[in-house]
Amino acid sequence: MIRFASRPRPRGRWHRVFAPSSSPAGLAGWGILMAVAYGVVHALGWREHTGFLSLTASPGLSLGETTPRGTVYLLLHFGAVLGTPSLLLAGLLLRIWVHFIPTKRSGSPVT
Amino acid sequence: MKPDEFPGSEPPNAIPPAYTPHPWAAVACLALAVIGVLATARFRYSPPANDAPWFPGVCPTAKALAGHQLRVWADPARRDAGVTQLRQSNPEWDFMGRTFLVMALGEIGLRDPATAAENLRTVDQIVRSTLRLEARDGPFVFLMSYARHGPYLTQPVHSLFVDGEITLMLGVRARLARAATATDPDTLRAYRDELAVRSTALARGLAEAPDGFVESYPNECWLFDHAFAFAALRLADRELGTDHRELARVWLERARTTLREPTTGLLHSSFTRTGRALEGPEGSTLWLTAHLLEAIDPPFARGLYQDTREYLARRLWGFAWSREWPVQLRTGADIDSGVVVPLVDASPSGSGFALVAAAGFGDAPFLRELQTSVGLAAFPIRDGGALHFAASNGVGDAVLLYALTVGPLWREICESDPNRIPQTTDIR
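Quick note, the sequences are listed as chains U and V, same order. Under our numbering, think of the first position of the first sequence as 49, with each following residue one higher. Under our numbering, think of the first position of the second sequence as 824, with each following residue one higher.
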């Protein structure tokens, strides 16, 4: 009983939610996910919808229909061209961190 | 509490698990990575070294943009679709797209004389189509609907927006016809006669305006349109041997005193016929105005360019863009500004016209940074040898094309040495 009670306190919710993502593999996974999502909307031809930035509707659509698709494309584009390399690089840096700066076991297993 | 502070708290045969570092380590690595990616992103999006108007010939991006525009004008179905798309948002854009394409084709024709005859055919097609529409529906065909909501103070109705740009188109056509050696003398004479009629009427309208300002919309005058009108008159002077310099000088003197915005010293964008300000300084007006005013007063134009750059240009890590309004005079987005991108306050139209001004004034570093932003955020679409930008539209593409070709024709209008390609300068 005593040993059970003295187990390390579990980390908070924030840690439980984000710890898996903050591993090297987790960061790279998010980066790849962003790239895949961007690839999907690009393959769907949503690049044309970014004309909403110049208040120009895509052929056959109203500006109100163009804007949400263009916004999604815009966000995923920047996610892929800036976010993906950042996440992959961050994953690499973290890997190096773990390798060269051994940390005490934090209680969060790699997922 | 950490597990290894409690020896014996784990079963003796447990496999030591791999552990992640603390999330703050991930945050630190991510911050470092973001800074690294942002700081080096320019290398992925910067244009080729020769993609600028100060190199002889026509640069690769301009060739590709012109290829797309010429394809559109050669195909009636595509042209109608493009025009409909533009007019659905703003009839002005259809008209301005024509003007900038004509100006760019004029520049290309003078840069590469082998293209002059083909470009002249397209320019003539655009001019005829424009005049046909204007003859059928009057200037309202190229104006937003509110032009019909109130009476013009000056009768009969004329819009300086329409008159100025049509005169400029006619001037470019006449100049290009001289460059295209196969143009027969009768055609050339007809082009010049048409230019003479228009430029005379334009000059008369400006000279007779009670306070020097001419309406584009009912009791609404635009700095942009006056600058276009005087550039058109200077081109007409070159082609016809007329001289409107005094008219331009008087107008500019009045404009610089009446239209000065007190906080920034920049010029108001729109105003009533008596010069009462309606809208303050805007990027979508000032950049192009600075460029066009070089035709009538180069030192003043350069000063306006530098002031506009000081208040509206934003530069970061090899990228640049334009705000629509100075920080001190921020207002809401409108049809002229386009969607202002939050956080960075980037105005698509302001940034587009900043390209023209940077190219015209030979501001190489700023132009390059603006082009880098275009590479990142304008979403190029290549189709064979043709190029257009998804985030832009017909007028935006034509403006960029003009920015990348401005040179010999513009130098002629400014009465500089026509053989001189704009040189880069170090504007800080």
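Backbone N, C-alpha and C define an ideal beta-carbon position, used for all residues, glycine too.
If you drop the 5 nearest sequence neighbours on each side, which residues of the same chain put their C-beta closer than 6 Å to that of Arg890/V? Against the second sequence, residue 890/V aligns to sequence position 67. The residue you asked about is not Arg; residue 890/V is Gly in the sequence shown. Cβ neighbours of Gly890/V beyond the five flanking positions: Gly1208, Ala1209.
Return the CA-CA distance between Pro1231/V and Glu96/U, expressed in angstroms with no decimal places. As a working note, residue 1231/V is residue 408 in the second sequence. As a working note, residue 96/U is residue 48 in the first sequence. Their Cα atoms are separated by approximately 34 Å.
What are the residues that DSSP puts in a beta bridge with Asp1145/V? The residue given as residue 1145/V occupies position 322 in the second sequence. Sequence check: residue 1145/V is Ser here, not Asp. Ala1136/V.
Using C-beta distances below 7 Å, list every residue in its chain close to Ala83/U, excluding the 5 sequence neighbours before and after it, in chain order. Translated into positions along the first sequence, residue 83/U becomes position 35. Counting only Cβ-Cβ distances below 7 Å, and skipping sequence neighbours, we find Ala128, Thr132.
If you follow the alpha helix (DSSP H) that Leu1025/V is in, where does it begin and where does it stop? Position 202 of the second sequence, counted from the start, is the residue given in the question as residue 1025/V. Run containing Leu1025/V: 1008 to 1031, per the alpha helix (DSSP H) assignment.
Minimum C-alpha distance to Ala1214/V - residue among Phe148/U, Leu141/U, Ser106/U, Ser110/U: Along the second sequence, read from residue 1 onward, the residue named residue 1214/V stands at position 391. Per the Cα distances, Ser106/U.
So, Leu1111/V versus Phe1047/V, is the Cβ gap smaller than 8 Å? Counting from one through the second sequence, the residue named residue 1111/V turns up at place 288. Counting from one through the second sequence, the residue named residue 1047/V turns up at place 224. Cβ distance < 8 Å, so Leu1111/V and Phe1047/V count as in contact.
Anything in chain V within Cβ reach of Arg95/U, meaning under 7 Å, just list it in chain order. The residue you call residue 95/U lines up with position 47 of the first sequence. Chain V residues near Arg95/U: Phe1202, Ile1204, Ala1213.
Outcome for Asp898/V when other beta-carbon atoms lying within 10 angstroms are tallied against a minimum of 16: Within the second sequence, the letter at position 75 stands for residue 898/V. Around the CB of Asp898/V, fewer than 16 other CB atoms lie within 10 Å, so the residue is classed as exposed.
What number of angstroms, rounded off, separates the C-alpha of Gly859/V from the C-alpha of Ser869/V? On the second sequence, position 36 is the one that residue 859/V refers to. On the second sequence, position 46 is the one that residue 869/V refers to. Between Gly859/V and Ser869/V, the C-alpha separation is close to 17 Å.
Environment of Leu92/U [buried if 16+ CB atoms lie within 10 Å]: Along the first sequence, read from residue 1 onward, the residue named residue 92/U stands at position 44. Flag for Leu92/U reads exposed.
Judging by CA-CA distance, which residue of Gly929/V, Glu957/V, Ile949/V is the nearest neighbour of Ala1003/V? Counted from its first residue, the second sequence places residue 1003/V at position 180. Taking Ala1003/V as reference, the option from Gly929/V, Glu957/V, Ile949/V with the minimal CA-CA separation is Gly929/V.
List, in chain order, every chain V residue whose beta-carbon is nearer than 9 Å to that of Thr114/U. Start at 1 with the first residue of the first sequence, and residue 114/U comes out as number 66. For a Cβ distance threshold of 9 Å, nothing in chain V lies close to Thr114/U: the least Cβ distance comes to about 10 Å.
For Leu1018/V, which option in Gly1064/V, Leu1139/V, Ala1100/V has the closest C-alpha, if you only look at C-alpha atoms? Stepping through the second sequence from its first residue, residue 1018/V is reached at position 195. Minimum Cα distance to Leu1018/V is reached at Gly1064/V.
Could you tell me whether the Cβ of Ala937/V comes closer than 8 Å to any Cβ of chain U? Reading the second sequence from its first residue, position 114 is the one you call residue 937/V. No - not a single Cβ of chain U is within 8 Å of the one on Ala937/V.
So, with DSSP's three-state summary, where would you put Val1257/V? Since the first residue shown for chain V is 824 and the last is 1251, residue 1257/V is missing from the structure and cannot be characterised.
Residue from Asn1042/V, His1067/V, Cys1044/V, Glu1031/V whose Cα sits closest to the Cα of Ala1054/V: The count along the second sequence starts at 1 and reaches residue 1054/V at position 231. It is His1067/V.
Measure the Cβ-Cβ separation of Gly994/V and Asp935/V and say whether it is below 8 Å. Within the second sequence, numbered from 1, the residue matching residue 994/V stands at position 171. Within the second sequence, numbered from 1, the residue matching residue 935/V stands at position 112. Taking 8 Å as the Cβ cut-off, Gly994/V and Asp935/V do not qualify as a contacting pair.
Beta-carbon separation of Trp896/V and Gln948/V under 8 Å? If you number the second sequence from 1, residue 896/V lands on position 73. If you number the second sequence from 1, residue 948/V lands on position 125. In this structure, Gln948/V lies closer than 8 Å to Trp896/V by Cβ.
Which term fits Asn913/V, buried or exposed, when burial requires 16 or more other beta carbons within 10 angstroms of its beta carbon? Within the second sequence, numbered from 1, the residue matching residue 913/V stands at position 90. Buried is the call here.
Out of Arg944/V, Leu1056/V, Asp903/V, Ala939/V, point me to the one whose CA is closest to Ile989/V's CA. For the purposes of this step, residue 989/V is taken as residue 166 along the second sequence, with counting starting at 1. Cα-wise, what sits closest to Ile989/V is Leu1056/V.
Could you check what DSSP says for Trp847/V in three-state terms: helix, strand or coil? On the second sequence, residue 847/V is found 24 positions in, with the first residue counted as 1. DSSP places Trp847/V in helix when its eight states are reduced to three.
So, are the CB atoms of Pro1104/V and Thr1087/V less than 8 Å apart? Within the second sequence, the letter at position 281 stands for residue 1104/V. Within the second sequence, the letter at position 264 stands for residue 1087/V. A contact, by the Cβ cut-off of 8 Å.
Using 8 Å as the threshold, is the C-beta distance between Thr953/V and Leu893/V below it? Position 130 of the second sequence holds residue 953/V. Position 70 of the second sequence holds residue 893/V. Cβ atoms of Thr953/V and Leu893/V: not closer than 8 Å.
Helix, strand or coil: how does DSSP classify Pro133/U here? For the purposes of this step, residue 133/U is identified with residue 85 of the first sequence, where counting begins at 1. Here Pro133/U sits in helix by DSSP.
Quick check: is the beta carbon of Ala91/U nearer than 8 Å to any beta carbon in chain V? Here residue 91/U refers to the residue found at position 43 when the first sequence is read from its first residue. With 8 Å as the cut-off, Ala91/U does not count as an interface residue toward chain V.
Is there a C-beta anywhere in chain V that falls below 8 Å from the one on Leu123/U? Stepping through the first sequence from its first residue, residue 123/U is reached at position 75. No - not a single Cβ of chain V is within 8 Å of the one on Leu123/U.
Alpha helix (DSSP H) runs contained entirely in the segment 1187 to 1222 of chain V, provided each spans 4 or more residues: 1187 to 1200
Roughly how many angstroms lie between the CA atoms of Cys1237/V and Leu1223/V, to the nearest whole one? Walking along the second sequence from the start, residue 1237/V turns up at place 414. Walking along the second sequence from the start, residue 1223/V turns up at place 400. Straight-line Cα distance between these residues: approximately 20 Å.
Just curious, the alpha helix (DSSP H) that Leu111/U is in, first and last residue? Position 63 of the first sequence holds residue 111/U. Looking at the DSSP string, the run of the alpha helix (DSSP H) that includes Leu111/U is 111 to 126.
Rounded to the nearest angstrom, what separates Ser1145/V and Met992/V at their Cα positions? Locating residue 1145/V in the second sequence gives position 322, counting from the first residue. Locating residue 992/V in the second sequence gives position 169, counting from the first residue. C-alpha separation (whole angstroms): 27 Å.
Which listed residue (Ile931/V, Gly920/V, Arg1079/V) has its alpha carbon closest to that of Trp877/V: Locating residue 877/V in the second sequence gives position 54, where the first residue counts as 1. Comparing Cα-Cα distances from Trp877/V to each of Ile931/V, Gly920/V, Arg1079/V, the minimum goes to Ile931/V.
Assigned secondary structure, Phe1094/V (DSSP; H/G/I helix, E/B strand, else coil): Looking up residue 1094/V in the second sequence gives position 271. Looking at Phe1094/V - three-state DSSP - the assignment turns out to be strand.
Check whether the Cβ atoms of Leu943/V and Ala1026/V lie closer than 8 Å to each other. Position 120 of the second sequence holds residue 943/V. Position 203 of the second sequence holds residue 1026/V. The beta carbons of Leu943/V and Ala1026/V sit no closer together than 8 Å.
By a C-beta neighbour count over all protein chains shown, 10 Å radius and 16 as the cutoff for buried, is Ser110/U buried or exposed? Your numbering for residue 110/U matches position 62 in the first sequence. Classification for Ser110/U: exposed.
Listed from N- to C-terminal order along the chain, which residues in the segment 137 to 149 of chain U have their beta-carbon within a distance smaller than 7 Å of any beta-carbon of chain V? Leu137, Ala138, Leu141, Leu142, Trp145, Val146
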